[in-house]
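According to my numbering, the sequence shown is numbered sequentially starting from 14.
Beta carbons are placed, not taken as given, at the ideal position from N, Cα and C, and that holds for glycine.
None of these values were measured; they are calculated from a predicted model.
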Amino acid sequence: MEIKQLYREIVNEHNLNPVHKGKMENPSLVLRGVNPSCGDDITLQLKINDEGIIEDAMFNGSGCAISQASVDMMADSIIGKKKDEAIKLSDTFMGMIHGEIEDEEKLEELEDAAALKDVSHMPARVKCAVLGWHTMQEILEHPEKSISNED
Ligand code: ZN
Numbered sequence: 014m015e016i017k018q019l020y021r022e023i024v025n026e027h028n029l030n031p032v033h034k035g036k037m038e039n040p041s042l043v044l045r046g047v048n049p050s051c052g053d054d055i056t057l058q059l060k061i062n063d064e065g066i067i068e069d070a071m072f073n074g075s076g077c078a079i080s081q082a083s084v085d086m087m088a089d090s091i092i093g094k095k096k097d098e099a100i101k102l103s104d105t106f107m108g109m110i111h112g113e114i115e116d117e118e119k120l121e122e123l124e125d126a127a128a129l130k131d132v133s134h135m136p137a138r139v140k141c142a143v144l145g146w147h148t149m150q151e152i153l154e155h156p157e158k159s160i161s162n163e164d
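See the structure below:
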């Protein structure tokens with residue numbers, strides 16, 4: 014299978030069958046992320062334990078396939094990580110999307126999210142791809158911005 018087709022299938026699978034979509038009971042941190050240029054609108058919910066490890070990550074909301082797949086992949090890759098490790102992964106993802114990081118070994122740390130590499134050649138979709146990651150980084154760096162998890 015051609016690598017681009019494989020990437021497309023990974024993105025489709027996360028979009029059609031997201032693993033981490035839904036409402037979390039008693040999240041530690043909640044933040045809404047909006048990309049007005051496309052209409053992507055997510056609410057990210059994180060559960061963080063006393064050791065600062067992200068025990069669970071979920072999202073709600075709607076948007077285009079790239080935004081939805083990206084936030085689901087992001088959740089996959091940060092669960093079990095410490096906050097600072099998750100922020101580093103976000104930096105790696107941003108670097109990939111902006112075409113600044115191409116080192117395969119580094120990109121493997123992103124797991125499925127590396128399938129969005131081609132977005133670096135689609136400027137109109139960059140904001141869709143980074144929405145979930147940007148929201149995650151923002152709430153970890155500024156937990157005081159956390160909102161209530163009401164719909
Ligand atoms: Zn979008």
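In this chain, the alpha helix (DSSP H) harbouring S90 covers 78 to 91. Boundaries of the alpha helix (DSSP H) around I152: 139 to 154. A straight-line Cα-Cα distance of about 21 angstroms links I91 and D53.
Shown here for G65: same chain residues with a beta carbon closer than 7 angstroms to its own, the five before and five after excluded, namely K95, K96 in chain order. Buried is the label assigned to P40, since at least 16 other Cβ atoms lie within 10 Å of its Cβ.
Relative to the ligand ZN, the nearest heavy atom lies less than 6 angstroms away from the CB of G76. As the crow flies, the alpha-carbon of L123 is around 15 angstroms from that of L144. Here A82 has V24, H27, N28 as same chain residues with Cβ atoms under 7 angstroms from its own Cβ, once five neighbours each way along the sequence are excluded.
For the set Q150, A88, A137, A142, the Cα lying nearest the Cα of M109 is the one of A142. For S80, the distance from the CB to the nearest heavy atom of the ligand ZN is below 6 angstroms.
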